[in-house]
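Okay, structure first, notes after.
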Amino acid sequence: MADIKAINNSLHGNIKVKANPTLVQAKDKHFAPVVVQEFVAACQEFPIVFVKEGETGQFKSIALLGLKPEQNLFFAEDAWQARYKPQALTLYPFLLNQAPDSEQAILCFDQDSPLINENEGEAFFDSEGKQSAWLSEQGERVVKYVENTYITGNFIKMLLELDLLSSQTLNLKLADQAEYSLNGLYAIDEKKLNALDDEQFAKLRKTGALPAIYASLISMQRIHSLASIAIGK
40 MADIKAINNS
50 LHGNIKVKAN
60 PTLVQAKDKH
70 FAPVVVQEFV
80 AACQEFPIVF
90 VKEGETGQFK
100 SIALLGLKPE
110 QNLFFAEDAW
120 QARYKPQALT
130 LYPFLLNQAP
140 DSEQAILCFD
150 QDSPLINENE
160 GEAFFDSEGK
170 QSAWLSEQGE
180 RVVKYVENTY
190 ITGNFIKMLL
200 ELDLLSSQTL
210 NLKLADQAEY
220 SLNGLYAIDE
230 KKLNALDDEQ
240 FAKLRKTGAL
250 PAIYASLISM
260 QRIHSLASIA
270 IGK
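Residue numbers (my numbering): 40 to 272.
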């Protein structure tokens, strides 16, 4: 389980982070969050669908990496195999948390990450205790990603207002395995999209939503690719 800590130079002055080209933390993840700015690139490799969080009822967009929990079909031989790397995975082990009794966000990290050590990699702070240029860059990347999640939230809100998300159940049978269903997924409904009136469709065009919508629709063809990979394993 993650042990999230706010970065502090007095406590973490010697901390370093190993490079993570293999995205080791994604080994057992069957999905990864994706923001709307990623849809066009991600659709070439992953199905892009939507899930509803049980506690909040909010929707989020994800890239399917596997067809069942703890199955990542893009991770093999201890390394990430897909050409595209979802941004959320490349930010690990960093994230933003809200400071107690404040609206200010603070940069945090997962102290239990296997990337964290004191001997190898990029340092949090320099010899004078000042934040390293590398850590500043990671913080900027995390902030930008969080901004994009808000934009993605507005995109999803618009889809819901236009009733464009429909519940999907994927019934799968792989090789000699028993048939099983993948539930709890939502996808953009192409029939409902085509049934929008001119004003509604113009709204999607003016807000720049159409490329992401079509990318999500195209990405659904990748489900067959996931099934093919699963059969081959």
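No residue lacks a Cβ here, since even glycine has one placed at the ideal position from N, Cα and C.
Please read all numbers here as calculations on a predicted model, not as lab measurements.
Identify whether residue i lies in helix, strand or coil by the three-state DSSP scheme.
i, result
"Tyr189", "helix"
"Gly178", "helix"
"Ser152", "coil"
"Tyr131", "coil"
"Leu243", "helix"
"Lys57", "coil"
"Val90", "strand"
"Pro125", "coil"
"Ala80", "helix"
"Leu211", "strand"
"Pro275", "Here the chain has residues from 40 to 272 only, and residue 275 is not among them."
"Leu62", "coil"
"Leu106", "coil"
"Val41", "Checking the sequence, you will find Ala at residue 41 rather than Val. Ala41: coil per DSSP, three-state reduction."
"Phe98", "strand"
"Ala118", "strand"
Thinking C-beta only, is residue j closer than 8 Å to residue i?
i, j, result
"Leu235", "Leu199", "no"
"Pro132", "Leu104", "no"
"Thr129", "Met197", "no"
"His69", "Gln97", "no"
"Pro86", "Leu265", "yes"
"Ile257", "Leu232", "no"
"Ala2", "Asn136", "In the structure as shown, the chain begins at 40 and stops at 272. Residue 2 is therefore absent and cannot be evaluated."
"Leu211", "Glu218", "yes"
"Ile195", "Phe89", "yes"
"Val181", "Leu134", "yes"
"Ser100", "Thr208", "no"
"Ala144", "Phe114", "no"
"Ile270", "Cys147", "no"
With which residues is residue i paired in a DSSP beta bridge?
i, result
"Gln170", "Phe164"
"Asn233", "Paired residues: none, contrary to the question."
"Ile46", "In the DSSP output, where bridge partners are listed per residue, Ile46 has none listed."
"Gln137", "Ala144"
"Tyr219", "Leu211"
Looking at C-alpha atoms only, which residue of the options is the closest neighbour of residue i?
i, options, result
"Leu221", "Phe78, Leu50, Leu62 and Pro108", "Pro108"
"Ser205", "Ala80, Lys91, Ile54 and His51", "Lys91"
"Lys124", "Thr188, Glu167, Ala269 and Cys82", "Cys82"
"Gly168", "Ile43, Asn53 and Ala248", "Asn53"
"Ala41", "Trp119, Lys99, Asp149 and Thr95", "Asp149"
"Glu116", "Ala127, Leu134, Asp67 and Phe240", "Asp67"
"Ala254", "Glu238, Ala144, Arg122 and Ile227", "Ile227"
"Ile268", "Leu106, Gln143, Ser100 and Ala127", "Leu106"
"Ser152", "Val63, Thr188, Trp119 and Ala118", "Val63"
Would residue i pass as an interface residue toward chain D - the criterion being a Cβ-Cβ separation below 8 Å?
i, result
"Lys124", "Included in the structure is just one protein chain, with no chain D present."
Practice problem: Mind the definition here: the segment 158-169 touches the segment 41-60 only if three or more C-beta pairs lie below 8 Å; say whether that holds. | Solution: yes
Self-check item: Three or more C-beta pairs below 8 Å linking the segment 167-181 and the segment 66-75
Solution: no
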